[in-house]
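Basically my numbering = 1-based index in the sequence shown + 17.
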Amino acid sequence: ANASGERILFTVVADEQGRVLAATDPRRAPVDSEVGAFAEDTVSMSEVTAANGNSVVRVMAPLSVQDRVVGHVVTELDISDLVAQRRNTALALLAGNAAATLILVLAGYVVMARMLRPVELLTRHMGEIGDTPLPIPEAAIPRSDTVLSRLLRNFNNMAGAIDARTEAERRLAERERFVSLGRLSSSLAHEI
18 ANASGERILF TVVADEQGRV LAATDPRRAP VDSEVGAFAE DTVSMSEVTA
68 ANGNSVVRVM APLSVQDRVV GHVVTELDIS DLVAQRRNTA LALLAGNAAA
118 TLILVLAGYV VMARMLRPVE LLTRHMGEIG DTPLPIPEAA IPRSDTVLSR
168 LLRNFNNMAG AIDARTEAER RLAERERFVS LGRLSSSLAH EI
């Protein structure tokens, strides 16, 4: 970092009428010339900032003797190191935010993939279009009593009920076939 002596590029001391009394570079600000050109675009010391990206800033402060303003001091300061430090800090923050966002996205993806695993299992077992749904093996159902494990067990109950209904329909169709055969044989026996 710059020491304060290295930071000061140029200083002008002017009286209360704005006439130059002394300057660190007399060729640039001759004695008894107007300080007005140097007083343009000045800020107070509390307003010095590296935010605008300028590497040189002019500061104007009153020159007081026994609480009476007798003139002004205008100083040009080199704040290029502060501008560079601000830029580097902004880049470091940007890189840190990008890394944190990437880590959070990856963690979110992993968590969501883990949470959706039982739903994918259910989808696979329901996906057999036209076939009876296959029950999910008990080993594949999560051990904890979560909403998803209850959903998977309810699916198994539903698949079992569909199997039982299909079996009942098959037995009913077989009985009706036997009843029809009985009626046919009874009609034939009657005719004979």
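Yeah, the Cβ is synthetic: ideal placement off N, Cα and C, and Gly gets one too. The structure displayed is predicted, hence computed values, not measured ones.
So residue i is in the beta strand (DSSP E); what residue range does that whole segment cover?
{"i": "PRO79", "result": "73-82"}
{"i": "LEU26", "result": "25-32"}
{"i": "ALA40", "result": "37-40"}
Please list the terminal residues of the continuous alpha helix (DSSP H) segment that includes residue i.
{"i": "VAL196", "result": "164-208"}
{"i": "ILE120", "result": "97-143"}
With H, G and I counted as helix, E and B as strand and the rest as coil, what does DSSP make of residue i?
{"i": "THR66", "result": "coil"}
{"i": "GLU57", "result": "coil"}
{"i": "ALA46", "result": "coil"}
Measuring only the C-alpha atoms, how far is residue i from residue j?
{"i": "LEU94", "j": "VAL48", "result": "21 Å"}
{"i": "SER204", "j": "VAL196", "result": "12 Å"}
{"i": "ALA124", "j": "LEU139", "result": "24 Å"}
{"i": "LEU80", "j": "ASP58", "result": "19 Å"}
{"i": "ARG192", "j": "ILE179", "result": "20 Å"}
{"i": "THR207", "j": "ALA185", "result": "What sits at residue 207 in the sequence shown is His, not Thr. C-alpha separation (whole angstroms): 32 Å."}
{"i": "ARG112", "j": "ARG103", "result": "For clarity, residue 112 is Ala in the given sequence; the question names Arg instead. The alpha-carbon atoms of ALA112 and ARG103 are separated by roughly 14 Å."}
Leaving aside the five residues before and after residue i along the sequence, list all residues of the same chain whose C-beta is less than 7 Å from its C-beta, in chain order.
{"i": "PRO159", "result": "PRO135, LEU165, SER166"}
{"i": "SER50", "result": "VAL37"}
{"i": "ALA18", "result": "In this prediction, ALA18 has a pLDDT of 46, which is less than 50 and means its spatial position is unreliable; what the coordinates show is noted afterwards. Cβ within range, chain order: ASP98."}
Less than 9 Å between the C-beta atoms of residue i and residue j, yes or no?
{"i": "VAL29", "j": "VAL52", "result": "yes"}
{"i": "THR149", "j": "THR183", "result": "yes"}
{"i": "HIS89", "j": "ALA31", "result": "yes"}
{"i": "VAL100", "j": "ASN71", "result": "yes"}
{"i": "VAL87", "j": "VAL76", "result": "no"}
{"i": "PHE27", "j": "ARG45", "result": "yes"}
{"i": "ALA157", "j": "LEU169", "result": "yes"}
Apart from the five residues on each side of it in sequence, which residues of its chain come closer than 6 Å, Cβ to Cβ, to residue i?
{"i": "ARG24", "result": "LEU94, ASP95"}
Short of 8 Å in beta carbon distance, which residues of its chain neighbour residue i, apart from the five on each side in sequence? Order them along the chain.
{"i": "VAL122", "result": "none"}
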